[in-house]
Every structure is written in structure tokens, then in C-alpha cells.
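Residue numbers (my numbering): 859 to 973.
Shown next as C-alpha cells:
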């Protein structure tokens, strides 16, 4: 099992930046895939970005060029650097890990972008 704890959310004005962190309870070196999802009120949870073994990253269109996902294996942490934030980025952001055939989720961190 893996426990995940997110941090770094908050309130920011449009155009601002935030960095989310997700600390895992175990070594992440061997974890196949780590990523970030988000869920806005009344909407389904959606993928934002993920990073797989070897450091390959994937982004959805609406964050490409604005968000950067990275991982620090020494700290067992995955990050999401969010730049040029827009009001439509407002959501609860969840960390996700896929390993051993199972998905694990953090508790979520709220990101609110004011116009």
C-alpha cells in the first residue's frame, strides 16, 4: 500500500503560480506511474498530468505549456508546478499512484483561482 499526502493548494489570482506536492509513504523509485488529477464542482475527475518510469511526462491539452510535473525519488515526492493559472483551473487536485496493479489516491488539495 501507499499513503499519499498532498499540500500546496490555496487561493491565487489569475496569472499566478502554485506548486503542489505529493509525499508518498514509501519509496517511489519503482512506481510505474504517478500523476495529478483534478475535480471541479459538478464535474468528473480528470487527468491533468502524469509521469511514468524513465521520467516520461504526459499532459492534457488544457495545461500543456503551463504546468510541469516532476518527481524527486530521494524525497518520495511528486510535484505539480502550475503557472499562468486561470479561474477554470479551480478544482480539488488529487495525487494518484499506480503500482502493483492498484490505484492509490491522496485526500486532495483545493486550488482556487480568482479572476
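Ideal Cβ positions, reconstructed from N, Cα and C, are used throughout, including at glycine.
### Query
Would DSSP call residue 922 helix, strand or coil?
coil
### Query
Can you list, in chain order, the residues of its chain whose CB lies under 7 Å from that of residue 956, leaving out five sequence neighbours each side?
890, 891
### Message
Measuring alpha carbon to alpha carbon, tell me which residue in 973, 961, 946 is nearest residue 897.
### Response
946
#### Entry: Between the CA atoms of residue 895 and residue 902 - distance to the nearest angstrom
10 Å
### Task
Could you pull out every residue in the same chain whose Cβ sits closer than 7 Å to the Cβ of residue 885, ignoring the five residues on either side in sequence?
934
### Task
Kindly list the residues whose CB is nearer than 8 Å to the CB of residue 948, restricted to its own chain and excluding five residues on each side of it in sequence; keep chain order.
898, 969, 970, 971
### Query
Between residue 873 and residue 927, what straight-line distance do the alpha-carbon atoms span, to the nearest angstrom?
18 Å
### Query
Rounded to the nearest angstrom, how far is the Cβ of residue 925 from that of residue 905, given a contact under 8 Å?
Not confirmed; about 12 Å, so no contact.
### Query
Roughly how many angstroms lie between the CA atoms of residue 958 and residue 859, to the nearest whole one?
9 Å
### Query
In the structure shown, what three-state DSSP assignment does residue 916 receive?
strand
### Task
State the CB to CB distance for the pair residue 963 and residue 952, rounded to an integer number of angstroms; the pair is presumed to be in contact (CB under 8 Å).
6 Å
### Message
Let me check understanding here. Comparing Cα to Cα, which of 882, 908, 880 lies closest to residue 893?
### Response
908
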